[in-house]
Amino acid sequence: MKLIKVEHAYKIYKNGTTAVADLSVSIDKGEFVFVIGTTGSGKSTFIKMLYREEKPTKGSVIVGGIDVAKLRNSKVYKLRRKLGVVFQDFKLLPKLTVYENVAFALETLGLPSDEIRPKVLRAIDAVGLKEKTRNLPSELSGGEQQRVAIARAIVNDPKLLICDEPTGNLDPETSRGIMKILDSINKELGTTIIMATHDKELVNKMKKRVLVIENGVLASDTKKGSYKVHESIKDS
Amino acid sequence: MRALRILSRSIRDSFKSVFRNFSLSMASIACTTITLILVAISLFLTYNVRQVTTDLEHELTIVVYLNKDVTDDQKIELENDLKTMENVDTYVIKSKDEWKAEMKEEDKSLENALDIFDDNPLLDSVIVTVDDVKSLGKTADKLREYDFVSSAEYGEGMVENVIGIFDAVSYGTIAIVIALVLVTAFLISNTIKLTIFSRRTEIEIMRFVGASNTAIKLPFIFEGFILGIFGSIIPIVLSIYGYVLLFNKTGGYVFTKIITLVEPFPFVLIVSLILLVIGSVVGMIGSWRAVKKHLKI
């Protein structure tokens with residue numbers, strides 16, 4: 001069953017730059033997909049269109065049955081409640097503990113506290129930070145901070161988890177730990193994961209579906225692909 | 237229930253934010269306080285000036301003296317005209333004999349002095365009260381137009397000066413208050429702008445986890461509201477205690493018994509309510525401006 005269906009999507013910025021051109025791709029529920037490409041290839045724009053940070057200029061981008069192109073600004077929250085987003089820079093609130101950072105997502109949505117607590121503890125447990133619920137972000141390593149961000153992204157049981165270079169700031173060892181967690185979320189919770197990355201080693205090791213975006217177009221789409229799938233891809 | 241939880245969370249967050257940005261909040265609160273104290277002074281002045289003007293309308297009269305040789309027909313003509321004359325409220329005709337008797341009664345020393353004359357040296361007169369004290373002069377001028385009217389007096393100059401001063405004070409304070417309200421709204425707007433910048437990560441997370449635009453904006457609007465409410469506390473306390481104290485110290489009169497102060501209750505309570513409403517509305521307008529301009533969702 002399709003969770004994401006992108007058809008002939010274009011993103012042309014006001015200055016005339018075409019970031020994405022005629023991109024069509026569909027992603028099934030429960031898939032784990034890497035999106036790779038050089039800096040400026042349109043990879044980030046594509047990812048941003050999925051959570052409606054960017055609006056497609058032309059074509060359709062349907063995520064969980066919602067047409068992103070037709071979604072009004074005031075209704076974007078409806079789409080965002082169906083997905084979780086993880087960023088390279090973690091985006092944690094420094095004055096809140098691990099528990100509070102994860103709970104923040106649910107409190108913001110107005111969930112009752114008796115519903116929040118079990119969900120938060122479950123999410124923290126899923127990323128292996130059960131012992132650090134009362135720690136502040138400053139007391140955690142980079143990998144642990146990213147795990148808190150992942151817990152926050154999955155706490156509301158999203159169907160889709162979008163990760164925008166989540167290992168970009170982490171060392172290889174820690175990155176592998178993060179990938180292990182994402183893989184288990186994908187397998188155990190059935191969450192669809194789309195991850196933009198530059199990490200050649202991780203992509204090659206995971207053997208997942210790989211979308212290569214180059215000059216705004218989908219250059220290749222390979223099941224169990226690797227970073228070397230397209231000759232012109234360079235590390236940036 | 238969800239909406240209620242979001243609402244209570246917004247209120248909690250806005251209180252936290254007021255204390256988190258304490259120095260900025262204090263600047264906004266201080267400015268609101270100063271503005272509202274001036275608003276209170278303006279309200280007290282305006283209401284009391286209105287009361288004084290109303291009192292003056294009842295106290296101030298035009299005394300019309302008729303010529304010595306005025307005939308009875310002329311007196312009847314004047315009386316008929318006064319019945320329909322614009323701005324005339326009441327009139328009392330007082331003959332020279334009534335004046336003489338009254339003066340004798342008031343001051344015994346005048347008794348012999350007035351008896352020196354064979355004829356009564358005083359003049360027949362009409363005492364006129366008006367509807368609008370501001371047009372007192374015009375009405376007096378109209379009465380002076382009669383040939384048989386010797387003079388029409390009402391304390392020229394003094395009344396115009398008093399009314400002019402009262403008007404100038406009222407308009408002046410209103411102008412200052414409007415300017416200060418604008419400055420306060422701007423300051424509160426600036427405080428909220430800085431709050432928005434200091435909480436940008438929080439706002440970003442709220443957007444990505446699916447908080448509605450209203451849920452994101454509400455805490456900032458409440459913050460402006462709270463700053464306005466905090467800013468109105470001191471002016472309200474000062475208004476209540478200050479006005480009651482002034483009223484009790486003066487016995488409700490200023491300078492003469494003609495100028496009376498408005499009774500403190502429920503007057504001070506109405507003024508307090510007005511201050512609270514102005515404070516909160518100015519706060520919300522200031523924060524709404526900042527949210528609209530700086531909070532991009």
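Note that the protein sequences, when read in sequence, are chains E and A. Residue 236 is where the first sequence ends in this note's numbering, and the numbering goes up by one at each step. Residue 533 is where the second sequence ends in this note's numbering, and the numbering goes up by one at each step. Just so it is clear, CB atoms sit at the ideal spot from N, CA and C, and this is done for glycine as well. In this text the structure is predicted, and so the values were computed from the model without any measurement.
Best match in the options for proximity to residue i [C-alpha to C-alpha]
| i | options | result |
| --- | --- | --- |
| Arg241 of chain A | E:Lys132, E:Lys223, E:Leu106 and E:Val148 | E:Leu106 |
| Ala219 of chain E | E:Lys75, E:Ile36, E:Ile47 and E:Gly190 | E:Ile36 |
| Asp291 of chain A | A:Val419, A:Thr492 and A:Glu342 | A:Thr492 |
| Tyr99 of chain E | E:Leu129, E:Ser175 and E:Gly30 | E:Leu129 |
| Glu201 of chain E | E:Asp171, E:Lys132 and E:Asn15 | E:Asp171 |
| Ile561 of chain A | A:Tyr327, A:Tyr382, A:Asp377 and A:Val517 | Look at the range of chain A in this structure, 237 to 533, and you will see that residue 561 of chain A is not part of it. |
| Arg195 of chain E | E:Thr174, E:Leu160, E:Leu189 and E:Glu188 | The sequence as given places Met at residue 195 of chain E; Arg does not occur at that position. The residue with the shortest Cα to Cα distance from Met195 of chain E is E:Leu160. |
| Ile273 of chain A | A:Ile495, A:Ile521 and A:Ser475 | A:Ser475 |
| Val288 of chain A | A:Lys252, A:Ile399, A:Leu423 and A:Asp309 | A:Ile399 |
| Met206 of chain E | E:Thr191, E:Lys223 and E:Gly190 | E:Lys223 |
| Ala126 of chain E | E:Ala149, E:Asp221, E:Leu109 and E:Val6 | E:Ala149 |
| Asp22 of chain E | E:Phe104, E:Ala103 and E:Lys58 | E:Lys58 |
| Lys374 of chain A | A:Asp403, A:Val417, A:Ile298 and A:Glu347 | A:Ile298 |
| Ile124 of chain E | E:Asp28, E:Leu50 and E:Ala103 | E:Ala103 |
| Asp199 of chain E | E:Thr133, E:Thr18, E:Gly30 and E:Phe34 | E:Phe34 |
| Ser24 of chain E | E:Leu83, E:Lys5, E:Gly190 and E:Ser141 | E:Lys5 |
| Leu296 of chain A | A:Gly487, A:Ile270, A:Tyr390 and A:Tyr489 | A:Tyr390 |
| Thr409 of chain A | A:Ser246, A:Tyr283 and A:Arg245 | A:Tyr283 |
| Phe280 of chain A | A:Asp351, A:Glu334, A:Leu511 and A:Ser448 | A:Leu511 |
| Pro175 of chain E | E:Arg81, E:Gly143, E:Gly16 and E:Arg80 | According to the sequence as given, residue 175 of chain E is Ser; it is not Pro. The option with the nearest alpha carbon to Ser175 of chain E is E:Gly143. |
| Glu7 of chain E | E:Asn101, E:Leu111 and E:Ser26 | E:Ser26 |
| Ala376 of chain A | A:Tyr407, A:Val300, A:Ser406 and A:Val405 | A:Val300 |
According to DSSP, residues forming a beta bridge with residue i
| i | result |
| --- | --- |
| Gly84 of chain E | E:Leu161 |
| Asp58 of chain E | What sits at residue 58 of chain E in the sequence shown is Lys, not Asp. Its beta-bridge partners are E:Tyr10. |
| Lys330 of chain A | A:Ser361 |
| Phe34 of chain E | E:Met195 and E:Val210 |
| Leu23 of chain E | E:Ala9 |
| Lys2 of chain E | E:Asp28 |
| Thr297 of chain A | A:Thr365 |
| Ala376 of chain A | Bridge partners of Ala376 of chain A: none, in fact. |
| Val492 of chain A | The amino acid at residue 492 of chain A is misidentified as Val; the sequence shows Thr. According to DSSP, which records beta bridges pairwise, Thr492 of chain A is partnered with A:Val490. |
| Leu218 of chain E | E:Ile213 |
| Glu389 of chain A | A:Val299 |
| Ile66 of chain E | E:Val63 |
| Thr18 of chain E | E:Ile12 |
| Val120 of chain E | Partner(s): none; Val120 of chain E has no beta bridge. |
| Val324 of chain A | A:Val366 |
Supposed close pair residue i, residue j - CB separation, criterion 8 Å
| i | j | result |
| --- | --- | --- |
| Pro166 of chain E | Ile178 of chain E | 6 Å |
| Ile472 of chain A | Ser508 of chain A | 4 Å |
| Ala9 of chain E | Val61 of chain E | 5 Å |
| Lys78 of chain E | Ile66 of chain E | 7 Å |
| Val362 of chain A | Ile329 of chain A | 5 Å |
| Ala415 of chain A | Gly522 of chain A | Between Gly522 of chain A and Ala415 of chain A the Cβ distance is about 15 Å, and since that is not below 8 Å, they are no contact. |
| Val20 of chain E | Phe46 of chain E | 6 Å |
| Leu121 of chain E | Pro94 of chain E | So it is not a contact: roughly 22 Å between Cβ atoms. |
| Ser250 of chain A | Glu459 of chain A | 4 Å |
| Arg276 of chain E | Ile181 of chain E | Outside the displayed span of chain E (1 to 236) sits residue 276 of chain E, for which this structure offers no information. |
| Val498 of chain A | Val413 of chain A | That belief does not hold up - the Cβ atoms of Val498 of chain A and Val413 of chain A are roughly 19 Å apart, past 8 Å. |
| Tyr51 of chain E | Ile162 of chain E | 6 Å |
| Met1 of chain E | Lys29 of chain E | 5 Å |
| Gly519 of chain A | Ile424 of chain A | 5 Å |
Contact list for residue i against chain C, beta-carbon separation under 7 Å
| i | result |
| --- | --- |
| Ile242 of chain A | Included in the structure are the protein chains E and A, with no chain C among them. |
Of all the residues that make up the region 448 to 470 of chain A, which are near chain E by a beta-carbon distance shorter than 7 Å? Identification of residues in the region 448 to 470 of chain A having a C-beta nearer than 7 Å to some C-beta of chain E yields Ser448, Asn449 and Ala451, given in sequence order.
Would you check if the region 466 to 481 of chain A and the region 263 to 276 of chain A touch, i.e. whether three or more CB-CB distances between them fall below 8 Å? yes
Do the region 34 to 45 of chain E and the region 202 to 216 of chain E touch if we need at least three Cβ pairs shorter than 8 Å? yes
Count the CB pairs spanning the region 322 to 334 of chain A and the region 360 to 376 of chain A that are closer than 8 Å, and state whether there are at least three. yes
Is the region 145 to 157 of chain E in contact with the region 100 to 120 of chain E, if contact means three or more CB pairs nearer than 8 Å? Yes: the two stretches touch, three or more of their Cβ pairs being nearer than 8 Å.
Check distances from the C-beta atoms of the region 478 to 504 of chain A to those of chain E and list, in chain order, the residues that come in under 8 Å. none
Would you be able to state if there are at least three C-beta pairs under 8 Å between the region 428 to 448 of chain A and the region 80 to 87 of chain E? yes
Taking 8 Å as the cut-off, does the region 334 to 350 of chain A touch the region 377 to 392 of chain A (at least 3 CB pairs, one atom from each stretch)? no
Is the region 64 to 79 of chain E touching the region 431 to 439 of chain A, taking contact as three or more C-beta pairs under 8 Å? no
With a threshold of 8 Å, are at least 3 pairs of Cβ atoms found where one atom belongs to the region 302 to 311 of chain A and the other to the region 499 to 513 of chain A? no
To be precise: take each residue of the region 431 to 447 of chain A, compare its Cβ to all Cβ atoms of chain E, and keep it if any distance is under 8 Å. Which residues remain? Thr437, Glu438, Glu440, Ile441, Met442, Arg443, Phe444, Val445, Gly446 and Ala447
For the region 76 to 97 of chain E, list every residue whose C-beta sits within 7 Å of some C-beta in chain A, in sequence order. Tyr77, Arg80, Arg81, Val85, Lys91 and Leu93
Short-range partners of chain A found in the region 46 to 70 of chain E, where Cβ spacing is below 8 Å: Answer in chain order: Tyr51.
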